[in-house]
Amino acid sequence: MKRNSLSTLIEGALMVGIATALSFVKIFQAPYGGSVTLGSMVPILLYSLRNGAAKGILAGASYGLLQLIIEPYIVHPVQVILDYPLAFGLLGLSGLFNKKVWTGITVGILGRFFSHFLSGVIFFGSYAPEGMNAAVYSALYNGAYLLPELVLSLLAVRFVFYRFIKMDEERNYLS
Amino acid sequence: MREITIGQYIPGNSVIHRLDPRTKILITFAFMVLLFVIDDFAGYAFPLIFIAAASLLSGISIKYMLRGLRPLLIIILLTFVLNLFMIKGRVIYEVGPLSITYEGLYQGTFMVLRLVLLIVGTSLLTLTTSPISLTDGIESLLKPFSKVGVPAHELAMMMTIALRFIPTLMEETDKIMKAQMARGADFSSGNIVKRAQSLVPLLVPLFISAFRRADDLAMAMESRCYRGGENRTRMKTLKMTREDLFAFVATGIFAAGCLASRFLW
C-alpha cells in the first residue's frame, strides 16, 4: 500500500520533533557554543533518504527554523538564514541519490557544512579586522565541532538505515 | 506530567507580548540590518534607547536579556582580541611580538558593542513571543512566497506538530535511553564508531513509535477533513492592532536616527 502524502508529511514533522529532542542531549559541549549532540541530524537524513530531496529539504528547513526559535545564536542578518533554515534544509539533499546511502549522507552533510562555512566567512568578514583570512578561520571554527557530529551521524545513519528498510517492508506487508 | 519548557519564552501580558508576531519578526529583522548601518559610537545611542524602551515596556529584566550572551561569550572575546591585536596604528602597549594599538582598541570595542546589541536586541523576540505564535508569524510572512513554490503552510504545520510533540518525544527518548542503559547500553564512551553503533538501540524504537504516531495522526486529521493550507480558517487569527502601528512608527523613528547618524553627521 502506498502511503499518502499527508502521513509522509506528519512523519516528517515527528522526525523534526525527534531531531529537536535529540539536540537537547549534548554528549560534548564545546567551549565556544557549538556542541556534539546525540546524532540529532540522523532523523532528517533518514527521512530524506526515504522520501526524496524535496520532502527532506522541507523537513530540514522546518527543523532549522525550529532551532532558530528555540535556541537562537544570532550574530548577523545573513547568518540567520545561512545557519538555520538553509544549513538544515541542505541536509535534505541526501535524498537526491535514490537510496545510495553513503553518497546521499555525505552530500547532505557537506551541504550543511558549506552553509555554516559561508556564514562563518560572512561573520569573520564583518567583525574581524581586514587582512585576516576569513575562509581559513571559518573552516577551522566550524570544522572543530561539526566534524565529530558529521562523522557520528554518517555512521549512525548507515547503521540504522538497513533496519529501517526492513521495517518499511514489514510495515507495508502488514498494512 | 512534568512541564518541560522549550524555548526562552517568558509569559507575560505586556504591550510587547501582545504585539502581533509578524510585527515583532519584521522589527527584529529591521533592527539587525540597521545595527550594521551605524558607523560610530554616537550612533549606538539609538539602538540602546530602543532596546531599553522595549525592555521597560516588556517588563523583562535586563538580566534575562544578558543571559543570551553567555553561550556566545567566546565569540565576543575572540572578536575583541582579534581586533585588538591585528589592527595596525598608534601603539599603546607591547607584549612580546604583539602590540595593542589605539585603533585596535577602538575597533574592538566598537565591534563587541555591535555584537552585544545584536544578541540582546534579538533575544527580546524569543523572550516575549511563544514558539507557537512565532511559527504562526513565520507562516503568515512566508505566505506571499507560496506563489513561487515556498510551501509555507506545510512548513508551519510541520513545525507546529513538532513543537506539540517535542515534550512527548523527549520523555520517550529519556525513557528508552534509561531502559537501554539498564540493559547495559553505553551512550557516552568509546570511539566514534562505538558511539554511532550505540545509537541504534535508541533510534530504532524511537522511529518505530514515531511511525505509528504519524499514521494515527494523519488518519485523525483526514477524518476531520484536513486538506492542506487552502481556505483553511484558524481558531486564533493574527490581527494587527493600533499597538502594532505604534511599534512600526517607533521603529521608523529609530531607523531614521540610525540612518541620520551615518549619513548626516
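Heads up: the protein sequence lines correspond to chains U and S, in order. If you use our numbering, the first sequence corresponds to residues 118 to 292, in order. If you use our numbering, the second sequence corresponds to residues 849 to 1113, in order. C-beta: ideal position from N, C-alpha, C; glycine also. From a predicted model like this one, the values you see are computed outputs, not experimental measurements.
Cβ neighbour criterion (16 or more within 10 Å) applied to residue i
i         : result
Glu847/S  : Limits of chain S in this structure are 849 at one end and 1113 at the other, which puts residue 847/S out of reach.
Lys1026/S : exposed
Phe281/U  : buried
Ser122/U  : exposed
Gly969/S  : buried
Val996/S  : exposed
Lys283/U  : exposed
Leu203/U  : buried
Gly156/U  : buried
Gly248/U  : exposed
Thr1089/S : exposed
Gly1100/S : exposed
Ile127/U  : buried
Tyr201/U  : buried
Ala900/S  : exposed
Gly1032/S : exposed
Gly1076/S : exposed
Start and end residues, alpha helix (DSSP H) containing residue i
i         : result
Glu1091/S : 1090 to 1111
Ser909/S  : Premise fails: Ser909/S is in no alpha helix (DSSP H) and is neither H nor E.
Thr1021/S : 1000 to 1030
Phe1035/S : From DSSP, Phe1035/S is part of no alpha helix (DSSP H); its letter is neither H nor E.
Pro869/S  : 869 to 883
Gly248/U  : Neither: Gly248/U is in no alpha helix (DSSP H) and is coded neither H nor E.
Glu1070/S : 1040 to 1071
Leu1086/S : Leu1086/S -> no alpha helix (DSSP H), and no H or E assigned at all.
Arg866/S  : 863 to 866
Gly129/U  : 122 to 140
C-beta neighbour in chain U for residue i, strict 9 Å
i         : result
Asp1034/S : no
Asp887/S  : no
Glu1070/S : yes
Tyr941/S  : no
Gln955/S  : yes
Val996/S  : no
Ile1040/S : yes
Phe894/S  : no
Glu1002/S : yes
Leu946/S  : no
Ile875/S  : no
Val863/S  : no
Gly952/S  : yes
Gln1028/S : no
Gly916/S  : yes
Chain S contact for residue i (CB, 9 Å cutoff)
i        : result
His193/U : yes
Ala261/U : no
Arg229/U : no
Ser211/U : no
Tyr190/U : yes
Thr137/U : yes
Val142/U : yes
Ile222/U : no
Span separating the alpha-carbon of residue i from that of residue j
i         : j         : result
Leu1017/S : Ser179/U  : 17 Å
Gly225/U  : Glu1078/S : 31 Å
Thr1081/S : Gly181/U  : 26 Å
Ser243/U  : Gln955/S  : 12 Å
Val1125/S : Leu271/U  : This structure leaves residue 1125/S out entirely; chain S is present only between 849 and 1113.
Met849/S  : Ile1014/S : Because Met849/S carries a pLDDT of 36, less than 50, the predicted location of this residue cannot be relied on, and the following value inherits that uncertainty. Approximately 14 Å between the Cα atoms of the pair.
Ala1068/S : Met158/U  : 28 Å
Phe928/S  : Phe240/U  : 13 Å
Gly860/S  : Ser255/U  : 39 Å
Gln184/U  : Leu139/U  : 12 Å
Lys911/S  : Val218/U  : 47 Å
Ala1010/S : Arg938/S  : 55 Å
Thr974/S  : Ala1108/S : 29 Å
Arg275/U  : Asp868/S  : 44 Å
Ile886/S  : Gly952/S  : 18 Å
Gln1045/S : Ala1030/S : 17 Å
Gly1105/S : Leu1086/S : 30 Å
Glu266/U  : Asn1039/S : 13 Å
Cys1073/S : Ala1066/S : 11 Å
Lys936/S  : His193/U  : 26 Å
Ile875/S  : Leu1051/S : 40 Å
Val260/U  : Gln856/S  : Here the sequence assigns Gly to residue 260/U, which means Val is not the residue at that position. Cα to Cα, Gly260/U sits roughly 28 Å from Gln856/S.
Arg1110/S : Phe1102/S : 13 Å
Phe1055/S : Phe234/U  : 31 Å
Pro979/S  : Leu175/U  : 19 Å
Chain C contact for residue i (CB, 9 Å cutoff)
i         : result
Phe1055/S : Although the question refers to chain C, the structure presented lacks it and instead comprises the protein chains U and S.
Those runs of the alpha helix (DSSP H) which lie wholly inside the segment 145 to 220 of chain U and span at least 4 residues:
159 to 168, 170 to 187, 194 to 198, 204 to 208
For the segment 931 to 999 of chain S, list the alpha helix (DSSP H) runs that are entirely contained and at least 4 residues long, ordered along the chain.
950 to 976, 979 to 990
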